[in-house]
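Here's the structure we're looking at; comments come further down.
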Amino acid sequence: MMNRSDLTKYAEENHLPFAQVFGWYVMGLFLVLLRKNHFLEQMWLVTPSALDPSKDCHVLEEGLRFYYTEDERITKSDGFVPGCEMKSDFRERLLMKLQMDAREMKLPLEIKSIGAKERVEVHYDGMYVPLKFQIQKAQRGIFPIEDELEFFGCKERKISILRYPSEEAAADHVDVIMEKLELLNEMEEYLSLYELVSTTPMSGRDVSEAVGRRLCQSGRSAKRKTYELWASYSNSPFLRKKWKVLLRRHHMKSPTWEEVHSQLSLFIKPVWETLEKEDIFFGDWMPQLGRYLD
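Numbering (numbering that gives the first Met the number 0), first residue to last: 0 to 293.
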C-alpha cells in the first residue's frame, strides 16, 4: 500500500493534484476492504466507472455509491455477514467492520461518520479527505455486470466488482430529470447523464424498459406535453444560469448548457416517444456518434 510520500511522488510524476490522487486512492482502499470481508460480493457499484486519479475532481466528489442485495438464505442467527438483511443501522455497522479490517491489515486508516447520511471522514497516514459513501437496497429484476477495476496504487492488482448496469443508471437520471423538470435542484443529474451518454454504449431497449418501470412504479406515464416542456428548456435562462454555477463549482469551462441539452435530447426523445406509444424500442446508443444506431 502507498504512504504519503508514495502518493506525493505519484502525483508529481503524473502532473496531478495531490488531493485528487489521494481521494481516488482512499476510494480504492474502501473497495479492497469490502472485498476482504466479502461484502463487495453483495454490492453493485454505481460510481466510479474506474479508479482513475486523472479523472476530474467532480467525478471524485460523487464518492462511492452502491446497491446492496440481500441473500434470502441468510438468517438473523448468522449475524452481520454478507447478504444479511439491510436494516437501518446497516451502513454504520459496515463502516465499523471496514475500520476493524483496516486495523487487521495494519493500514493507517481511520473512518469516522460525521452525522450526514452519506458522508464519512477518512484519515489516512496523517491526511484527511471527506468521502461520500452511499448504500441503497437493490431492486428486484435488475442484474449486475461483472467488471474489473485496476487499483492504481498497487501494481498488477485488479478488483473484481459487480457494476450497476449503465442503462439502469441512465434511467435513474432520466426519471429524475423528467419528473422534476424546472424544479430540479441539483444539476448534477444533468452532468452525470451527459457524461454517461458521452462515453458509454447502451442498449436503447434496456434504457426504455428501465425508464418505463420507474414511471410505472411512481404512477406516471410518458406524456408528450412533459417532453415538449422539457425540450423548451434548451433556451431557459434559469437553467442556463444554474448550469454555469455548477461548472464554476467543479472548475469546469465546458460543455455549455445548450450542448448538454442538445445531446440529452437525442438520447431521451426516442425513448420517451417509444414509451408514449407503448411500443418496443430497438436501437443501441453509440456515444461516438451521439445517437442511436438501429
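The beta carbon of each residue, even a glycine, is placed where N, CA and C say it ideally should be.
Can you check DSSP and say which residues form a bridge with residue i?
i: residue 160; result: 146
i: residue 88; result: Answer by DSSP bridge pairing: none, since residue 88 is not bridged.
i: residue 122; result: 109, 127
i: residue 46; result: 64
i: residue 134; result: 65
i: residue 291; result: 284
i: residue 202; result: 283
What is the C-beta distance between residue i and residue j, in whole angstroms, given that I count them as a contact (C-beta under 8 angstroms)?
i: residue 145; j: residue 130; result: Not confirmed; about 25 angstroms, so no contact.
i: residue 41; j: residue 70; result: 7 angstroms
i: residue 25; j: residue 121; result: 5 angstroms
i: residue 223; j: residue 280; result: Wrong, their Cβ atoms sit about 16 angstroms apart, outside the cutoff.
i: residue 221; j: residue 275; result: 5 angstroms
i: residue 291; j: residue 278; result: In fact, because the Cβ distance is near 14 angstroms, the residues do not count as touching under 8 angstroms.
Just to confirm, are residue i and residue j a CB contact at a threshold of 7 angstroms?
i: residue 52; j: residue 132; result: no
i: residue 73; j: residue 94; result: no
i: residue 147; j: residue 165; result: no
i: residue 85; j: residue 136; result: yes
i: residue 6; j: residue 23; result: no
i: residue 79; j: residue 64; result: no
i: residue 256; j: residue 242; result: yes
i: residue 188; j: residue 196; result: no
i: residue 167; j: residue 141; result: yes
i: residue 66; j: residue 43; result: yes
Which of the three DSSP states is assigned to residue i in this structure?
i: residue 70; result: coil
i: residue 174; result: helix
i: residue 220; result: coil
Name the residue from the options whose alpha carbon lies nearest to the alpha carbon of residue i.
i: residue 123; options: 107, 265, 36; result: 107
i: residue 183; options: 287, 19, 239, 25; result: 239
i: residue 207; options: 228, 273, 180; result: 273
i: residue 250; options: 60, 270, 65; result: 60
i: residue 83; options: 38, 96, 18; result: 38
i: residue 102; options: 42, 285, 35, 80; result: 35
i: residue 236; options: 181, 99, 168; result: 181
i: residue 104; options: 29, 192, 280, 173; result: 29
i: residue 190; options: 75, 292, 244; result: 244
i: residue 289; options: 278, 4, 269, 276; result: 269
i: residue 100; options: 186, 10, 142, 31; result: 31
i: residue 210; options: 259, 258, 267, 248; result: 267
i: residue 293; options: 201, 219, 220; result: 201
i: residue 149; options: 18, 260, 48, 14; result: 48
i: residue 265; options: 14, 248, 285; result: 285
i: residue 117; options: 2, 62, 287; result: 62
i: residue 163; options: 173, 143, 179; result: 143
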